[in-house]
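Undergrad: Chains H, V, B and S are the protein sequences, given in the same order. In terms of our numbering, the first sequence has 300 at position 300, counting the first letter as 1, and numbering is strictly consecutive. In terms of our numbering, the second sequence has 1211 at position 211, counting the first letter as 1, and numbering is strictly consecutive. In terms of our numbering, the third sequence has 2170 at position 170, counting the first letter as 1, and numbering is strictly consecutive. In terms of our numbering, the fourth sequence has 3005 at position 5, counting the first letter as 1, and numbering is strictly consecutive. Submitted below is the structure of interest, expressed as C-alpha cells.
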Amino acid sequence: MEFHIERAKVLPKANLWDFLEGLRRVSPLIAPVRRGGRVAFSEINDISDVTIDYTRTVLPPKKFLVPYRRVRFTYSTEDLSFSSTFKARQQIIFGIHSCDLHGISILDSIYLKENPDPRYLDVRKKTVLIGISCMPDDFCFCLSTGTAFPDGANWDLFLTDIGADYFVSIGSPKGDELIIELKELFRDIEREDLELYKRSTKKKKEAFRNRKLPDLERISQLIELEYESPVWEEEARRCLSCGTCTNVCPTCFCYTSVDVPDFEGKTVKRVEFTTSCQYPYYSLVAGGHYFKPTRTARFRHRYYHKFVGYPYQIEKFGCVGCGRCSAECPAEISMVETLRRLRGEDEEELREAAEQTFTDRPF
Amino acid sequence: MRRELSINHLSRVEGHGAVNILFENERLKEIRLRFTEGPRFFEFITRERLYSEIPKIVSRICGICYVSHRLASAFAVEDAFGVKVPKTVELLRRLLVVGEFLESHALHLYFLALPDYMGYPGAIQMAKDYPNIVKRGFKIKEVGNRIMKLIGGKTVHGENILVGGFASVPQKESLERVGNDLRALIPELEATLSLFDSLDYPEFESDVPVSVSLDSRDVTEFSDLVVTSDGERFTRKEYELFVKEEVASYSTAKISRLNGKPFVIGPLARVNLKGGALHPAVREEMSLLKTKFPSKNSFYNNVARAVELLNAAYRGVEIVEELLESDLESFNASVEPVEGTGYGVKEAPRGTLYHRYSFSKDGHCTGANIITPTAQLQSAVEEDLKNLVESYSSVSDRELKKLAEMLVRAYDP
Amino acid sequence: MKKSLEKLLNKPLPIDPFKPVRAVITDVEELAPDHKKFTFSFLDEEASDSWSYIPGQFVMLTVPKAGEIPISICSSPTRKGFLELTVRKVGRKTKVLHQLKPGDLVAIRGPYGNGFPVGIMENHNVLIIAGGLGMAPLRSLVWYVLDRRHRFKEVYLLYGTRSYEYVLYKEELRRLREREDIKCLFCLDRFETPEDERWADREGLLTELIPEVDLEPTETYVAVCGPPVAYKFIGKELLKNGYPESQIFVSLERKMECGIGKCGHCQIGYKFACVDGPIFPLWDTKNLPEML
Amino acid sequence: MVKVGVMGLTGCSGCQCEILNCEDAINRLIGRVEFSYFPLAQDSNGFSDFDILFVEGSVSTELDREKLIEGRKRAKILVAVGTCSCYGGVQSQRNDEASLEEMLRAVYGEKRPEVRVFKPAPLSEVVEVDYELPGCPMDKKQFVYTVASLLNGVEPFFPKIPVCHECKLSENECLLLNGIPCQGPVSFSGCGAPCTAQGVGCQGCRGNCDFPNFEELLSIYDRLGLKGEDAVRFLKVFRGKTLPKLKERSVDEKGA
Ligand SMILES: Cc1cc2nc3c(=O)[nH]c(=O)nc-3n(C[C@H](O)[C@H](O)[C@H](O)COP(=O)(O)OP(=O)(O)OC[C@H]3O[C@@H](n4cnc5c(N)ncnc54)[C@H](O)[C@@H]3O)c2cc1C
Ligand code: SF4
Ligand code: SF4
Ligand code: SF4
C-alpha cells in the first residue's frame, strides 16, 4: 500500500548532527547547551555543545525574542529625534519543548494582537522555531494546561522521538524550505513511523500517571471566588518576593523603562528591562501608595494574572505548565501545590482529576 | 623658639595620615606620624563569627590589598584546622597575588607617587599633558583588576577567595587570555621600570636598622618563614614574639617594633633582601638600571615597586602556564573546624602582614590579632622622617614639607 | 499553524507605537503649589491635524533625559491646535518637567485609554465629580460638554480639594460658576482662610455635596475622578442616591510604563488600566479585586 | 565646570579605588568636571563649594564628623558611596552587641587613642544624604550612571529589587537549592550578581532590598545547616542595624 504524506518526514537519529550543522549554515543557530548543572539556550559555535536530552532550561527561549534588557530608542536632547538601531537578524532556535512553543504563541498574542510591537514582529518573522519532544519530570504539569503537545501552534518544525528516528512534523512553509534544503538527511514516513508517533504521544501521557496534577477546570472562577482564601497568605508567608518565578516564566512580559542620559546630556538611551509583579516597587505610585502592598497580594496576583488575566486578554491561560517557577523557586513553593490546596483537593480526588485531564481540557 | 611644621592631611596616600614636626631652638624636638583613620575594631568584630566569615570581614581592612588580607586570614584558618589546599588553589592564589600587585603597585606608582616627580597635584591633572603615561598606569591596573575579577569575582573584595580554596575556578580559555594579557604587558612594565629609574629622587640615606621580609623567592610565592637583614629567621608562629605592638596615644594605628627597634618592610626591603631570587629576566633588567640594589634610600621604594611589577608579570605568565597544565577540577579542600590557633603571614604590596585567630571547636572565632604593614611601618617612617629633616635642615619649610610628604608616600603606608 | 497566529505574523511591520512625536511647550501656568499646567503644540503639522482624542484619555509624555510619564489630557478635543496637561510634581520625572519653560521641546505619544463614554452620555444629564487633581481629566469633559451643550441635558460639576490655595483653574471655575448652563458646587476640606470661605459652597467632603444634586439619577451619567481613597465613599453615596452603577464611571490610575498594554504595571485585576481603562464603570470596581 | 569632591571617612578606600578604576568615565569627565577635592588622588584639595560630593566610609571619629558636616554645608548634592557610608559597613556589624568601651578594649587594651572615636555610623545619622550607592565596594556602572544623571539634573533611579533578579537573568543555578547559603533574595541588586555567578552565596554587601523576607530565608538556612545565631550573624555582616528585629515581623504588615 502506498503511504505518502508531505507534511511530515523522518530524520534518522544518526543524521541529527548533520541536520544541526546544516541549520547552522542557514543562519545563526540557538540551541540548549549544558553548563555545569544547568542547561541554557545559547548561540552555538560548536555543534557538539548541543544537548538534546534535557528537561528544562533556566530561562525560556523567550530571551532570544524579547531580550531581558533592551534599548528601545536613542534620542537626541537637542531636537528630540528618536532613532533606533535595532535590526532583527535571521535565527533558528532549535530544541524547544512543547510548553515553550505554547509560551511563544502566548507572547505572540500579547505583542501582536493589540498595538503590535514592530520590533517583536520583526524578530518573530525572522526566527525559525524547531521543537523537540520531551518527557516530564516532577515539576511539569503541561498536561493540565493543555500544552504537552505542539498541536496547531506556531512552530516551523517539530521533532518527535520515535526510537531510532525523529518524526519531523512540518508546521510552516519556512520549515518545509529547511527540509528541502537538507533533503538528503530525511526519508519519507512509513506506516510504522506513524504508529510509533502515535505511541509516543501515549507514552508521554503515561508518564503523568500517578502524578499530582492540578485540575484547571473552572480555575479562573475558582481563583476569583477564593480571592480571600487563607491559602494565599499561608503560601505567601514562604514567598521571598525574589521574582524568580516570573523571571523564568516563558509567558511573563512585564518590564520597566528608564531613560539613561550620557555625560554630555546630548543623547539619551531609553532602556527597557524585565521586571516582576513580585517586587513592591512594581505597583508603587505617587504618595508612596502600593497597589499591591502585601506579599500575599503580590503572590496571589501572579496566579490571578496567569489564570484570570490572560484568559480575559488573550483567551488562553498564561501558564503552560513548564514547571520552571516551581523548580527554580528558592523557597520551593509549588504552583501545583498551591492550586491544589486552593481547590481543597485531597490525594484521592487529585488522582481522579489527573485521569480526567486526559480527556478534556479547557483550551 | 618653637617652630612647628604640620601636614594635617597627607594626600595621595590610602587612609588618613598626618605629620607633625616640632623644632625647638632650631633643633628637631619631635616628629610624629599620626594615623587618624577611625578604628574599625577588626579584632573585635571577627569574634564569635564563624571561621568562614573571617576572610570576608577582614578583606574590608583595605580595598587595595584586600587579596593579602583575605589570603593571610585564610592561611591562618587553614593553619588552625590543619587544612592542606590542593595545588590548583595554591596556583590560583599566586595568580591572584600577581593581579593584586599589578593593581596596587600601578595605582601607587602612577597615581599616588608620580605626580610629585612630574610636578602635578594629581594624575587626573597630569593626564592632560601626559595622556600616554597615565594611560599606561590605567592599563597595568586594568590587567590586575581583570585577574582579580576573574578569580575572585569582583575587582575589589572578590568573594570567591575562601578558606580552603574557591567555590569555582575560571575556564581554561579565560586563563589563556590572562597569560596573553600579561605577556602583552611586559613592554609596558619595562617602560615603567625605566621611567621610575630615571626620576630624580632626593639624596637620602635611611638609618632604620633592620629590613624584614618573608623568606620566599618573591611576593608571588608564599612562605611561613620571616627573615631579617640581621640574619634572624623566625616562623609565623613566633611573629608576635619578635614583633611587638603598642598603642601610641596619638594615632589610631598601633606601633610595632622588632626586638624593640623600628624596622622596614615593603618593596625596597624585599628587593634588598631577596632581589637575587627574582625572575632572571627581571634581574637582567635590573643590572641595566641606574638604581643599584641594595639601596638605603627609602625613595627608591618606587623603583623597587617597578621591579616587583615586572617580576609579577613574568611570574604570572609562568603560573598561568602551570595552571593550564594542571587539573582545574580540585579547587577546594574540605575544612573541618577544630579547636586551636592559626597564624598567617603574607607579603602585601606595602609589606609583611600577619593574622592570628583562635577558634572554638565548632569553628567560632574566639580571638584575633592582625598586624598590618601600616602599623609596622609607622616607627620606621618616623625614624626616616627624623633623618630627612636633619639632613635637609637648611631648606625652606615648604620644601621640607614637600619632601616629608614624598617620603611618607614612597612607603605607601 | 493557527489561523489567528498566521494572520498576526503575516502582517507587515506596523509603525512603532512607542515612538513619540515632538511638541513644543507654548505656555506654562502655575496653578497651585507643585501643580503646573503646560500647553503644547505639535511641531509637525501632520501630527497636529490628525491628533484627536476623547475626554478621559491620556498621553505618554517624554520628559527629556528623565523618562516617560502618563498624564491625562486636560484640554478638550473641541478646541483644536493645542494640548494641555496639568502635572503635579511628585517625583523624579515630574520634578524635571516642572523646570521646563516655554520653547522647550518634549515628545508625546497617544492618546491612550478608553476615555469617558461621551457618545452614550449624550441626551442624558451629566454629573461630574472631581477631587483634587482629578479635576484635570474632568476639565476636558467639562469643556467637551459645554462646547456641545445642546447634546446634553442638565450638567453638574462637583469639585472638592484641600484649600483655596490648591484649587486648580481658579479663574476658569469662577467663570463657570457664573454660567447658567452648568451648576457648580464646590467644597474644601476645611475652611482656614477667608478666601476658603469665600470660594467654596461648603466645608467638608465631596460626598456631602452629592445629595444636593437635583437630577433624576436614572437619567444621569456620572464621571468621577479623584484620589483612590475617595472612590469608595463617593461610590457608596451615589448608589445610595439612586444612581445606577452601570452609569457611574471612575478614572483609575496605576503605575504605567508603556500605555499600550505591554509593560504590565497597570493591571487592575484582569484588566489593564491603559487599554481597558483608565475609565471604568463602577460595576468593575466591585468585581476587579484591588481596584481601589 | 562642575565641581566634584570625593571624600573618604573611615573605610577601606575600596570605593575610591573603584572610582579610579572608571578609566573611561574619568577621561570623558575631564574638561566637564573639576575634581576640586580628592585627597586620595591629588594634592591641593580646596574645601570649596561642591556641586556633587561623594563620601566614602563610616563616621567613626570626631574628625570624620567635622569633615562630613563641613562637606554637607558646602555640597549641593551629597552622595554616600559604599556600604560603610550607607549603612555603617562591616565595622558596625556588632554595634548592638557591645559598648564602645568594650570594642576599644578588645583592640587597644587599656590604652586609648587620643582622637575621639564613635561607634561606626552611616552618614545619614549625622547629616542629610541625597543619594545612596551601597555596595562593598559600590558598583562602577552605578557610579557612572549616577554621575551622568546628576550632571543632567536628573535623579538616578534604583528600584530596590533583589539580587535574585540579576542572578536569574544571568541563568545561574539557584545556590539555595544547591545547599549554599545565599542572601540574594533579601539583598538590593545592582551589582550584576558577580558572587552567585561564581558559586559563592551573595553576602548581602549592598544591604536590603524592599521588604525582605528574612524569616523564610532563615528557615531555609536552617534546613541547609546554617542555624540560629550563626545565620543571623551571617545576615548581619553588612546590614548591621538595617537588619530588622526578626521575631516581630508578620506577613501582612505593609509590604511584608
Ligand atoms: C492614566 C494616568 C493619568 C495620569 N494623569 C495625571 C495627570 O493628569 N496629572 C498628574 O500630575 N499626574 C498624572 N498621573 C500620575 C503621573 O503619571 C505620575 O505622577 C508620574 O508618573 C510620576 O512620575 P515621577 O517620575 O515624577 O515620579 P517617580 O519618581 O517615578 O515617583 C514618585 C512617586 O510617584 C509614583 N509614580 C510613579 N509612576 C506613577 C504613575 N504612573 N502613576 C502614579 N504614580 C506614579 C511613584 O511610585 C512614587 O511614589 C497619571 C497617571 C496615570 C496612570
Ligand atoms: S507560571 Fe510557572 S509553570 Fe506556568 S508557564 Fe510560568 S514558569 Fe511555567
Ligand atoms: S504581572 Fe507578574 S505574572 Fe503577570 S506577566 Fe507580569 S510579571 Fe508575569
Ligand atoms: S552578589 Fe551580593 S555580595 Fe556579591 S556584590 Fe552583589 S550584593 Fe554584594
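Backbone N, C-alpha and C define an ideal beta-carbon position, used for all residues, glycine too. Just so it is clear, the structure is predicted and the values come from calculations on it, not from any experiment.
From the DSSP output, which residues share a beta bridge with Pro2211 (chain B)?
TA: Beta-bridge pairing links Pro2211 (chain B) to no other residue.
Undergrad: Just the Cα atoms here: how many angstroms apart are Asn2294 (chain B) and His2150 (chain B)?
TA: Examination of residue 2294 (chain B) is not possible in this model, given that chain B is present from 2001 through 2292 alone.
Undergrad: Count the other CB atoms within 10 Å of the CB of Ile1057 (chain V); is the residue buried (16 or more) or exposed (fewer)?
TA: By the neighbour-count rule (16 or more Cβ atoms within 10 Å), Ile1057 (chain V) is buried.
Undergrad: Along the region 2075-2103 of chain B, what residues have a CB closer than 9 Å to any CB found in chain A?
TA: Among the chains of the structure shown, chain A does not appear; the protein chains present are H, V, B and S.
Undergrad: Taking beta-carbon pairs under 9 Å, can you tell me which members of the region 257-269 of chain H lie near chain S?
TA: Under the 9 Å Cβ criterion, the region 257-269 of chain H contributes Val258, Asp259, Val260, Pro261, Asp262, Phe263, Glu264, Gly265, Val268.
Undergrad: Please list the terminal residues of the continuous alpha helix (DSSP H) segment that includes Phe1196 (chain V).
TA: From DSSP, the alpha helix (DSSP H) with Phe1196 (chain V) extends over 1172-1198.
Undergrad: Please list, in chain order, all residues with a C-beta atom less than 5 Å from at least one heavy atom of ligand 6.
TA: Of the ligands one can find in the structure shown, namely ligand 1, ligand 2, ligand 3 and ligand 4, none is ligand 6.
Undergrad: Hey, could you find the ends of the beta strand (DSSP E) Cys2184 (chain B) is sitting in?
TA: That run of the beta strand (DSSP E) goes 2183-2188.
Undergrad: So Val1303 (chain V) is in the alpha helix (DSSP H); what residue range does that whole segment cover?
TA: Here the alpha helix (DSSP H) through Val1303 (chain V) covers 1301-1325.
Undergrad: My guess is that Pro1267 (chain V) and Ser1379 (chain V) are in contact by the Cβ rule of under 8 Å, so how many angstroms apart are they, rounded?
TA: Not quite, the Cβ-Cβ distance comes to about 18 Å (not below 8 Å), so this is no contact.
Undergrad: Sorry if obvious, but does the Cβ on Arg3206 (chain S) come closer than 6 Å to a heavy atom of ligand 4?
TA: Under cutoff, so the answer is yes.
Undergrad: Evaluate the contact criterion for the region 39-56 of chain H versus the region 3134-3148 of chain S: three or more CB pairs, one atom per stretch, below 8 Å.
TA: Touching, no.
Undergrad: Could you tell me the alpha carbon to alpha carbon distance between Leu1258 (chain V) and Lys1029 (chain V), rounded to whole angstroms?
TA: Taking the straight line joining both Cα atoms gives about 24 Å.
Undergrad: So which of V:Ala1304, V:Leu1033, V:Ser1011, V:Arg1070 has the shortest CA-CA distance to Lys1346 (chain V)?
TA: Per the Cα distances, V:Arg1070.
Undergrad: Between the alpha carbons of Ile2260 (chain B) and Gln2057 (chain B), how many angstroms are there, rounded?
TA: Approximately 12 Å between the Cα atoms of the pair.
Undergrad: Just to confirm, does Val3163 (chain S) get its C-beta within under 6 Å of one of the non-hydrogen atoms of ligand 4?
TA: Correct: Val3163 (chain S) has its Cβ closer than 6 Å to ligand 4.
Undergrad: So is Ile3140 (chain S) in contact with chain H if we call contact Cβ pairs under 7 Å?
TA: Before going further, note that residue 3140 (chain S) is Lys rather than Ile in the sequence given. No, Lys3140 (chain S) lies away from the interface with chain H (no Cβ there is under 7 Å from its Cβ).
Undergrad: So is Gln1171 (chain V) buried or exposed if we call it buried at 16+ other beta carbons inside 10 Å?
TA: Burial call: exposed.
Undergrad: Determine the extent of the beta strand (DSSP E) in which Val1013 (chain V) is found, giving its start and end residues.
TA: Segment: none, Val1013 (chain V) is in no beta strand (DSSP E) and carries neither H nor E.
Undergrad: If we call anything under 7 Å between Cβ atoms a contact, is Tyr75 (chain H) one with Phe64 (chain H)?
TA: Taking 7 Å as the Cβ cut-off, Tyr75 (chain H) and Phe64 (chain H) do not qualify as a contacting pair.
Undergrad: State the DSSP-derived secondary structure class of Tyr290 (chain H), mapped to helix, strand or coil.
TA: Three-state result, Tyr290 (chain H): strand.
Undergrad: Examine chain S for any beta-carbon lying closer than 7 Å to the beta-carbon of Ala207 (chain H), and answer yes or no.
TA: Cβ-Cβ to chain S under 7 Å: no for Ala207 (chain H).
Undergrad: Tell me, which residues are paired with Val1212 (chain V) by DSSP?
TA: According to DSSP, which records beta bridges pairwise, Val1212 (chain V) is partnered with V:Thr1228.
Undergrad: Going by C-alpha distance, which of V:Leu1400, V:Leu1407, V:Tyr1411, V:Met1406 is nearest Arg1003 (chain V)?
TA: Arg1003 (chain V) has its Cα closest to that of V:Leu1400, out of V:Leu1400, V:Leu1407, V:Tyr1411, V:Met1406.
Undergrad: Count the other CB atoms, across all protein chains shown, that sit within 10 Å of the CB of Gln100 (chain H); report buried if there are 16 or more and exposed otherwise.
TA: The question names Gln, yet the displayed sequence has Asp at residue 100 (chain H). Asp100 (chain H) is buried by the Cβ-count criterion.
Undergrad: Which residues in chain V have a C-beta closer than 9 Å to the C-beta of Leu3176 (chain S)? List them in chain order.
TA: Ordered by position in chain V, no residue passes the 9 Å Cβ test against Leu3176 (chain S), which lies about 14 Å from the chain.
Undergrad: Quick one: what's got a C-beta closer than 6 Å to Ala2136 (chain B)'s C-beta in the same chain, skipping five residues either side?
TA: For Ala2136 (chain B), where only same-chain residues beyond five positions count, the Cβ hits under 6 Å are Ser2072, Cys2074, Thr2086.
Undergrad: Give me the chain S residues within the contact set of Gln1415 (chain V), using Cβ-Cβ distance strictly less than 8 Å, ordered along the chain.
TA: Since the first residue shown for chain V is 1001 and the last is 1413, residue 1415 (chain V) is missing from the structure and cannot be characterised.
Undergrad: Quick one: using the 10 Å Cβ neighbour count with 16 as the cut-off for buried, is Gly344 (chain H) buried or exposed?
TA: By the 10 Å Cβ count, Gly344 (chain H) comes out exposed.
Undergrad: Is the Cβ of Arg72 (chain H) closer than 7 Å to any Cβ of chain B?
TA: It does: the Cβ of Arg72 (chain H) has a partner Cβ on chain B nearer than 7 Å.
Undergrad: Roughly how many angstroms lie between the CA atoms of Val336 (chain H) and Ser144 (chain H), to the nearest whole one?
TA: Taking the straight line from one Cα to the other gives about 10 Å.
Undergrad: Under a CB-based cut-off of 7 Å, is Arg3249 (chain S) close to chain B?
TA: A caution first: Arg3249 (chain S) carries a pLDDT of 40, below 50, which makes its placement in the model unreliable, though a value can still be read off. So, not an interface residue.
Undergrad: What residue range does the beta strand (DSSP E) around Lys3168 (chain S) cover?
TA: Run containing Lys3168 (chain S): none in the beta strand (DSSP E); it sits in the alpha helix (DSSP H), 3163-3169.
Undergrad: Can you find a C-beta in chain V that's less than 7 Å from the C-beta of Gly3266 (chain S)?
TA: Outside the displayed range of chain S (3001 to 3256) lies residue 3266 (chain S), so it cannot be described from this structure.
Undergrad: Looking at the secondary structure, which residues open and close the beta strand (DSSP E) in which Asn1369 (chain V) lies?
TA: Asn1369 (chain V) -> beta strand (DSSP E) spans 1365-1371.
Undergrad: Counting beta carbon pairs with one atom in the region 3099-3107 of chain S and one in the region 1033-1048 of chain V, are three or more of them shorter than 8 Å?
TA: Touching, yes, given that three or more Cβ pairs across the two stretches are closer than 8 Å.
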